[in-house]
Amino acid sequence: MSALSLQIQTSGGILPVQVSVRHLIIAGWTGRDRTALEAHIRELAALGVAAPVRTPVFYRVSASLLTTEPAIQVLGTDSTGEVEFVLIRDAERLLVGLGSDQTDRKAEAIGVALSKQMCPKPLAADVWELSSVEPHWDELILRSYVVADGSRTVYQEGSVANTLAPEKLLELYTAQSGRPFCTGAAMFCGTLPVIGELRWASEFVMELEDPVLNRKLSHSYAMRPLPVES
Numbered sequence: 469m470s471a472l473s474l475q476i477q478t479s480g481g482i483l484p485v486q487v488s489v490r491h492l493i494i495a496g497w498t499g500r501d502r503t504a505l506e507a508h509i510r511e512l513a514a515l516g517v518a519a520p521v522r523t524p525v526f527y528r529v530s531a532s533l534l535t536t537e538p539a540i541q542v543l544g545t546d547s548t549g550e551v552e553f554v555l556i557r558d559a560e561r562l563l564v565g566l567g568s569d570q571t572d573r574k575a576e577a578i579g580v581a582l583s584k585q586m587c588p589k590p591l592a593a594d595v596w597e598l599s600s601v602e603p604h605w606d607e608l609i610l611r612s613y614v615v616a617d618g619s620r621t622v623y624q625e626g627s628v629a630n631t632l633a634p635e636k637l638l639e640l641y642t643a644q645s646g647r648p649f650c651t652g653a654a655m656f657c658g659t660l661p662v663i664g665e666l667r668w669a670s671e672f673v674m675e676l677e678d679p680v681l682n683r684k685l686s687h688s689y690a691m692r693p694l695p696v697e698s
């Protein structure tokens, strides 16, 4: 379990909320464009990553991986960040947040589920109520930057419209798992293609922008590599 101290951004200010996450789901292969999704599957297959038997796939990982801390420890330098919107169910409402599915790329060639369990999952402390953005959902923009040698570079950028909408993801999750997205559940909902190549960075910066209500969720975290002993 992860006990999180979050802040809901509302039109009236900030509402603190405590959320205990007991079930953490990583949704993969969630693109709306089937042609682009199939092309991406073929690209990864060429790198040794096994194709999924169905799409999307809902990987279960330890809820203790969730963290709002500004730094994480990872094994070596084979992992990279992935900006995603995150759905969180507390006792009263459905929240949307911002996270990074930090993934070990070396382990990914052995097994995707294994790679998802290998790294902490950073999460921004600020969230929104999903109901506040549902009317203009496809206008939201995800963006990430990598920082290396003191230089910040745009790494990912695009509309959440590239990904299946929240209600569709939750519908598919319930159909596949046989369980509802209940109180204490959180779901990372899929990422965007990178600009250039997958690459290690000492810091990962991410944003979820709402241009309609003129606000952003943002978070950055440093990556501290642990030595890999042979």
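Under my numbering, the first residue of the sequence shown carries the number 469, and numbering increases by one thereafter.
Even for Gly, the Cβ is constructed at its ideal location relative to N, Cα and C.
Paired residues, beta bridge with E597 - DSSP: Paired residue(s): L563.
Reduced DSSP secondary structure (H/G/I, E/B, other) of P693: DSSP, reduced to helix, strand and coil, places P693 within a strand of the structure shown.
Terminal residues of the beta strand (DSSP E) in which L543 lies: L543 -> beta strand (DSSP E) spans 539-543.
Cutoff 8 Å; reference L515; Cβ partners in own chain excluding five residues on either side: Correct list, in chain order: A577.
Three-way DSSP call (helix, strand, coil) for V680 in this model: Here V680 sits in coil by DSSP.
Straight-line gap, D617 to L505 (C-alpha atoms, nearest Å): Rounded to the nearest angstrom, the two C-alpha atoms are 33 Å apart.
Anticipated Cβ contact below 8 Å, Q475 with D594, distance rounded: The C-beta distance from Q475 to D594 rounds to 5 Å, short enough to fall under 8 Å.
P520, enclosing beta strand (DSSP E) - first and last residue: Taken as a continuous stretch (DSSP letters only), P520 belongs to no beta strand (DSSP E), as it is neither H nor E.
Among M691, S568, P524, S470, the one whose alpha carbon lies nearest that of L637: When each option's Cα is compared against that of L637, the closest is P524.
For G480 and L543, the rounded distance between their alpha carbons: Between L543 and G480, the C-alpha separation is close to 42 Å.
Distance between beta carbons of Q624 and C660, contact taken as under 8 Å: Sequence inspection shows Leu at residue 660; the Cys mentioned does not correspond to that position. Right, the Cβ-Cβ distance comes to about 5 Å (below 8 Å), so this counts as a contact.
Range covered by the alpha helix (DSSP H) that runs through Q585: Its alpha helix (DSSP H) spans residues 580-585.
Opening and closing residue of the beta strand (DSSP E) in which L483 lies: Per DSSP, the unbroken beta strand (DSSP E) holding L483 starts and ends at 481-489.
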